Structure formats: C-alpha cells, structure tokens
Amino acid sequence: MRSPLAAALRTDRHAPGFDITLPAGGVAPIFVDPSDLPGVRRAAADLAADIGRVTGTDARLLTDPQSLADRVILIGSLGNSPAIDRLVAAGKLSVHDIAGKWETFVVQTIADPMPGVGEALVIVGSDKRGTIYGVYEVSRMIGVSPWYWWADVPVARQSRLRIASGRYVQEPPAVKYRGIFLNDEAPCLSGWTTEKFGGMNSKFYGRLFELLLRLRANYLWPAMWNNAFAVDDPANARLAEDYGIVMGTSHHEPMMRAHKEWTDNRQHYGNAEWNYATNRPAVQKFFAEGIERNAHNELIVTIGMRGDGDVALESTGSLQSDVKLLEEIITDQRRIITEGMGRPAERVPQVWVLFTEVYKYYDAGLKLPDDVTLMFADDNVGNLRRLPLPSERGRPGGFGIYFHMDMHGGPFSYQWINANPLPKIWEQMNLANQYGANEIWIANVGDLKPLELPIEFFLAMAWRPSDVGKDKIAGWTRDWAERQFGSEHAAEIAFLAARYAKYNAWRKPEQLKPETYSLENYREAERVCDAWSALERRADAVNAALRPDQQDAFYQLVLYPVRACSNLTQMYVAAARNARFANQARASTRAEADEVRRRFRRDHELRDQYNHTMAGGKWNHMMDQTHIGYFDWYPPQADVMPAVADLDLETATGFGVAVDGDARSWPNYYLPPALPVLDSISARPTYLEVFPRGAQPVAVTVTANRPWVVIREGNAFSASSRDRRYWIDIDWSRAPIGRADATVTVQGDEKIDVKLTAIRATPLQTKEARGAFGGLDGAFSIPATAYARASTVRGTRWEEIPDYGRVAGAMSPFPVDAASFTDPTASPCLEYDIFLPGAGKYDVALVTGPTLEVIPGRKLSVAVGLGDGVPVVKAVFTPEDSEAQDFLGSAHAANSANNARTMHFPVNADRAGRHVLKVAMIDPTLVLQTTIVSSGVHRPSFFGPPA
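Letter by letter, the sequence shown follows residues 144 to 1090 in the numbering used here.
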C-alpha cells in the first residue's frame, strides 16, 4: 500500500527532519498519555520495541507530560489524549482533514510543541485505529515488516533514522471493514496453537491481533472448527476490544455465538434442536446470551440462520415459507440486539451473508433492513457470484464480499498451499469495488500460513485499491519482497512468489492428477515440468545468496512452496509416465515408479523441514495438511502416493519406438507410426523416442530417406538416461514446395519405419502468413494480448490484465461496469491477424476466466467473427446452460479447477490465406486468456496448442 511516509524516511542527515536516532547517541523517547485508549498505548509500546529492533536500543516509553525530553515522539488519538488536544487547541497541530473521519492519521514534525520540548514527531489519529495505523506505519517505514514474527522476517539494523520535516496525511480506507476468517484450521493451525500456546487463547490471539493491525485490518471471524472464541478463553473478547479489532462470527454462526457453543450445550436449550420453527424460545435465549456478553464490544453481528453445522436451513416446506421464517428470525434478532446492546439495532453493525444456498432466499424476495450489510459470498474458489445492481446501491448498510483463499467443501477442498495469484484476486475484487460492494471485505485464509502474500495484498487493496491497480501489481509485489528481504534480491523474489502462485492456479495442487497434463501432445507435461524446474533453480540460487538470518523467512514465504509444488507436479507427471511407459512396455517403467516413490518421500522431507527444522521448529504442525491423493472433495486421511506399475523384464528384449502425439508404441501395434505434420510457417520440430524393452541397453540408428530431414539426438522425457529422443526437423531451404513425404527409419535388431509429412509454403503463402498466427496444418493458439488492432467505443475498450491466468496477460473490457452492447459490429473489438490453410469450417475456442453471472440477467456474452462475416454471439448463462455453468453446476467444478472456461464458436473461411479474427465485447466482466483455432481432429491437452 502507498504510504504517506514513503519518501520521508532518511538514513542520513542531509535533509532537515526529526531524528529518531539522536546525534549524541540513543533514540528519541515516546510519549503516550496514560488516559489514552489501551490499543493506542499498546501500539506505542510496540513502536518502542520496533525502534529497538532497528537500532539496537528500545525507545523509552513516557507517560508523564511534565518530564519530556527535548526531542520526543508524541502519540495520541483525538479526543482521548489531552496532550494532543492541547496542541490542536493551541493551533500547533492541524487536524482539519482527519477530524471525524474513519481510521485516518497524520504524522507531522512540530518545532517547540510544548514547554521543554524542542521538536516532536507527532502521530495523531482520528480515532483509535487511525492512531494505531499511524504508529505501525512508522514501524513499517523504519524497516519492521508486519511479518517480523509471523514469518520470521529479520529486521535490518540502521544506525540513523530521520523523518523528513513535513506533514503526512493518510486518508480513510476505501473499504470500511477489512478482515480475515480463520477456518479449516485442523490439523495445522489447531495443532500449532495447541503445542505453542495451549490452544486458541488470548496468547495466540494477541499475536494475531497485532499482525492484523500492522496490515491495517480491523475485522476478524475467529477460528470455529471445534473452537469457541468467547468461551475457550474469556480474555479473548476483552483483548480484541483493547487491541481495536472488530469481532464477528462466520456466515453460519449468528448473534456472536460459535457453533461449538451450541453443540456442547444443546441439551440446555429446549428440545436441543437447532430449528427456529420447533425450538424458537430456546434459540432466542441462545442468541440473547451472545449479544449480552458483547454489549460493550465493537462488533459486527452476523444475522440470519442456516442449518445445524454449516449446512442449509431445514426447510419448512416451501421456499416462500422459508423466506417468511427467515424474516421472522431477523426481526427477532434485531429486537434482541436492541435489548442486549442498549441502543437501536440500526446503530449496531450487522451483516447477512449470502453463502451457498442463502442466495435463493434473497432472490425470492426476502426483505432485509437497509442498515444491514448484505454480504455476497464467492463460489468458494475466488469467483464472485453476485454484485450489487444499480437499483440496490445506496442502502445505508451497503454490501460486502466473502472471498475464499482456502476451502474445505464444494466444489473441492484446497487447504495446503498458496494457489491465489494476485492478478486473479485483483480482477475479482476490482469488480467488487467498482460495483459498490465495499462496506466489508473478508477473506477465508484457512490457517493463515502459508497465505501471507495474498492476505497482505487483499488487505492493501481493501485499504486503497488505486495503489494496487492491475498495472501496479508487479511493482507492489516487488515492494513487498523488498520489505521482507531488502532491495538486492527483491525483483527476483517477487518474480518467484508471483510465478509459483500462477503455476499453482493452473490447477490447484490438490486437484492434480497424473493425467492433468498431456504427455503425448505439445510436450505439455514436459513443458510444465521444465517451468517448475527452472523456477526451483532460481529459488535455490536466491536462497544461496541470502544471509543466513533471512533463510527461514525465505523458506516459508517462497522456497518451500516452490520446491514442494515443483516436486508434487513432477511426482504426478512421473506417475503418468510410469503408466504410459508400462503400456508401451518400456524398461524405464520401473525407473518412473522409483521416481514417484522418491518424490513422495521428498514431499514429506520438505514438510518436515518446514515443521521441525525451519526457525527451530517454531511452526511445527503448520504443514500437516494432507494434499496428495484426493479421491473426493475432502482431503484424504493420509497422503496417498499415486499408483505405480512394474514390468517383468527378465525375458524381455529389444527396443520400442514412441512418436510425438501418440500414446502407442511400436513394434506390435498394427497400424504404422506417423509423426505430426510439419509446416514451414509454424516451423516447429517433432520427435520420436527409442527405448529398451528389456534390462539391456539397445543400439539403434535413426535415419531419414530425404536429405531435407534433420535428425539430432537428445534426452528423452524420462527418468532413465537409456531412453533417447530424436528430434526431427526440416531444412526448409531444401524441402520441396508443397506437401512431401519422408520416412524416418529406426534400425536395430528390427526396423521401424515412421511416416513424416512436411508442407513447405509457397512464396505467396509465406508472404501472407508473415506476422500472423496459424500455419499450414494443425491447431494454433493466440495469446489474448497479441491483438493487431483494438477499438474503443463510447469510452469502453479492452485492456490487459498483466500476468493473469495461464498467459502473460489477459484482456478484459474496461471500465468493468460499462454497459453491455447489443451490436457486435459496433462494440469494442480485438482484431487478430491469422493465416488459415484452406477454406471451410473452423472452431474458434475462447479460453476465458471462469467468471460467474455476477449481475442477474446478464448472460456473459461475447462475439467472434471472421473478417466481414456475420459475428457469432454466444452466451455462457443461457437458459439451457446456466444451471451447469453456475455455482456447483456440472461444469462449475471443472471450470474452477482449471481456472478457465472454454467457449466454442463456429466460423467459416471462404478461402485460404490471411484473415482477421475478431473478438467483440457484448458484456463486461469477461476475461479472455487465449484463443485456439482448429479444424479436423482435436489433440486433447490442458493448455491447447502453443502459439
């Protein structure tokens, strides 16, 4: 987040300013009035300790205004610090631009602020949290990361600290309430807190509250799996109030009661049924107790009611009768709030969370008081389900978003590692902000670790979205890396952190299978493994270059997820090779089985290093989450190694051949092998692999019967060095124009002939294809950002979202709340130059983001056309397909797992040659990642053909 102090910190004395480190030695003391709020006094003490972390000398904390030093750091909140209020009254401190505002602060240097003080650095907030945020902003600027304890980020020592003279103002946040939800906390967070704190008690929550405030959060849904915040430790709620954390409860725990409080004590409440229709007085009593014990605390009360244990409300017989019951529940809850809090319910913040099935009650017309915040939940995988309509905006309670970075539930669970790339978070939460859902943002963050980076980004975006615009995400990530590790390696660390999350979002690690990435088509699995291996090498290089005191932080924030996810992906691909090689009777089948076993062991070694070795075992249990071998939506009880096959090699002899694009092998298959067609426009090589089928190595020669075929030997994509790959390419300067056939012969103890076809373009075809996508044979991809021309209509245009999804950048219409278009020939359009080998029918597949129907009735339409032909308009949410595409529909799980949706458009080319492919906007919020053009037989793969 942008800091008003970003340019104010000096580590020299060349510019005038306030010296935190004194010229004669020591550091300036800190004064905070003893009558100020507890949270402010506590934050002041943290700043005193932070100055010590940076300089080696803690600042003294003063509370007597009569015994101040010549230079002092003065901290206080308006209306609660007499010293601050006197400065304001004397005209020495201006607060005109923060007074009465929410969570704002001023940091100002003042000469001669009071008798006996020559200079003061004043940190003043409009309210409690404004002051606290100002204090922690100074801590952050002098070099103390919010993650100094939670991620063991070391603090670099400085001998001189100066704040340049001036006045620095922080405006109010864009989102009023910004927080996290600790959820799905077993076995990791629960195991860790039990070992380190004795449970989720005030010792644990004190650490958490400090972190939240350092990140400028203000709101928390506490852990709720077998936990009850207010009961597990009675000091928890008091501590939250002292710190300044606004407490709430999760979407299914109304009226400040944990569900565990019901399950543990249901026998004391009427007939023990969590059913308002059959046990109303007892449930009302349960509600009232939650409100009464929080009467003096700052909170947001979750209202409404779901079923017993995060399930749907038990129906009363019809949707309309259920709506009526919920309206009665909410009316009764607001009466209880008024009575228990001693003030009208309209003056107590409340939220109704539309989670899973709760949407249907709102859609059916449930009447909600306007002062209640209406919170839209996403689809559990980071895709928003609903945004406010223009007709709904303006209600006093506003709208909020419940966002997931972790999930235990449908469509699938993902609880192990960070798979939340920042551009995707930005794209969805930017919709929330632009459409007016900015009263409350809360993110389900699971165990909190290892989601440090997306948590901080989410909260930074909630504070000031303009600081983290789509074109600023990379810079923000670099700044984040510099705050943790210094400037020398910041750019590389930012790249690593962004890239591993991007790769994980291709397919969340828990959803990986041996068959996820294609072995036979486009070298897809190989390219994925190469990408992970390259990332791992770069991470290892950074680790080797860091100071020893930085390596624990680097391991947990970057190195562990890179190594562990690289290892996991390559284990599954090895399992795929093992199965494929067994079918091909490769002797290396056994080597692949060994590779799977090795990487399975490696996963646990990396886990144990995180739990037991890193930081001296400080984070033991934080990596206990199982993540290998999912067979249903929920995690397996224990990690399950992928199945492996073995072969009887005792009597096997000879060699085999496998070819690019085919899962079969030769000899013994009845049809002859053929390589993919090569063409001079695409100019890509192909390959075949030769391997022993017995225990002994084999000697073969690979030759071609045409002089324009080029062959070179290399390593096969195999765990065995005895498997060899032979690259097949064409010397296009020698090949004949047009289509020509050749034979590649593998000669050993027997002979295998492999057919090869090459197509050399004519001079006219070569000219027409120059600068265009496509070729003379096969499918091709077009990156969304590779457009040749783009049009703007009525101020709406396609813009790039850098680093989104599968590609270097995606395209989406902006502004995101623009009106829809009805005529695709007069709408914002992207034009791509393509070359097609012939006339006829083609399939154009748009690979988009998995965006949902965020505005009811808007179908998420887009149009595709070829040249001046009539564009084809297609919609995602049609009457026929809406149920399948929507939350938990038959297509939703695949779309969300792949972080992509594919839309198919038929187009007709009237001739061979160069064409203009047009993608025209109809509705906003659609995100285009890539386009695949094909005809004829489709070669299945995860990503499709390369560009």
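We put the CB at the ideal spot given by N, CA and C, even for glycine. Only a predicted model underlies this, so the values are computations on that prediction, with no experimental measurement involved.
Distance between Glu667 and Phe1085 (C-alpha atoms, nearest Å): 8 Å
Cβ-based burial, Tyr812 [other Cβ within 10 Å; buried from 16]: exposed
Reference Ser115; option with closest CA among Gly286, Thr198 and Gly268: The question about residue 115 has no answer, for the chain in this structure spans 144 to 1090.
Inside the segment 498 to 530 only - beta strand (DSSP E) runs reaching at least 3 residues: 516 to 520
Buried or exposed (CB count within 10 angstroms, at least 16 for buried), Ala507: Exposure of Ala507 is indicated by the presence of fewer than 16 other C-beta atoms within 10 angstroms of its C-beta.
Counted within 10 angstroms of its Cβ, other Cβ atoms place Asp884 as buried (16 or more) or exposed: exposed
Nearest to Ala329 (by Cα), restricted to the options Thr274, His551 and Ile473: His551
Beta-bridge partners of Tyr545, as assigned by DSSP: According to DSSP, which records beta bridges pairwise, Tyr545 is partnered with Ala520 and Ile585.
Assigned exposure category for Asn573 - 16 Cβ within 10 Å defines buried: buried
Closest residue to Val685 among Leu639, Phe916, Thr909 and Lys894 (Cα-Cα distance): Leu639
Pair within 8 Å by beta-carbon distance, Ala736 and Ala788: yes
Three-pair Cβ contact test at 8 Å for the segment 625 to 632 versus the segment 365 to 376: Judged by Cβ distances under 8 Å, the segment 625 to 632 makes no contact with the segment 365 to 376, as fewer than three pairs qualify.
DSSP-derived helix/strand/coil call for Glu942: In the structure shown, the three-state DSSP call for Glu942 is strand.
Exposed unless 16 or more other CB atoms sit within 10 angstroms - verdict on Gln209: exposed
C-beta contact flag for Ala862 and Ala758 at 8 Å: no
Beta-carbon spacing of Val1015, Phe1048 below 8 Å: yes
Contained alpha helix (DSSP H) runs [length at least 4] in the segment 1020 to 1046, N- to C-terminal order: 1025 to 1028 and 1035 to 1041
With 16 other Cβ atoms within 10 Å as the buried cut-off, status of Asn858: exposed
CB contact flag (Thr900, Val802, <8 Å): no
The segment 565 to 582 touching the segment 280 to 289, judged by at least three CB pairs closer than 8 Å: no
Ser1077 (DSSP reduced to helix, strand or coil): If DSSP states are grouped into helix, strand and coil, Ser1077 belongs with the strands.
Contacts around Met766, its chain only, beta-carbon distance under 6 Å, and the 5 residues preceding and following it disregarded: Arg750, Tyr753 and Asn754
Limits of the unbroken alpha helix (DSSP H) element including Ser282: Ser282 -> alpha helix (DSSP H) spans Lys271 to Met284.
Whole-Å CB distance - Thr474 paired with Ala420, under 8 Å assumed: Their Cβ separation, rounded to whole angstroms, is 15 Å, which puts Thr474 and Ala420 out of contact at 8 Å.
Delimiting residues of the beta strand (DSSP E) encompassing Asp896: That run of the beta strand (DSSP E) goes Lys894 to Arg903.
Asn223 versus Asp179 - alpha carbon distance: 5 Å
Selected residue, minimal CA-CA separation from Val91, among Gly169, Thr164, Val215 and Pro593: No answer is possible for residue 91: it lies beyond the span of the chain, which begins at 144 and ends at 1090.
Under 8 Å between C-beta atoms of Gly1087 and Ala922: yes
Proximity to Asp385 [Cα-Cα], best of Glu435, Asp805, Gly341 and Glu441: Glu441
Closest by C-alpha distance to Val588, when choosing among Gly391, Ile598 and Ala637: Ile598
Span of the beta strand (DSSP E) around Arg214: Counting along the chain, the beta strand (DSSP E) containing Arg214 begins and ends at Arg214 to Ser220.
Spatially closest choice to Trp293 from Leu594, Gln654 and Gln727, by CA coordinates: Ranked by Cα distance from Trp293, the options Leu594, Gln654 and Gln727 are led by Leu594.
Check whether Asn1042 and Trp649 have beta carbons under 8 Å apart: yes
Arg882 versus Asp920: straight-line alpha-carbon distance, rounded: 11 Å
Closest Cα partner of Thr796 within the set Thr844, Arg729, Arg741 and Arg642: Of the candidates Thr844, Arg729, Arg741 and Arg642, the one whose C-alpha sits nearest the C-alpha of Thr796 is Arg729.
Inter-residue Cα distance where the pair is Glu262 and Phe600: 36 Å
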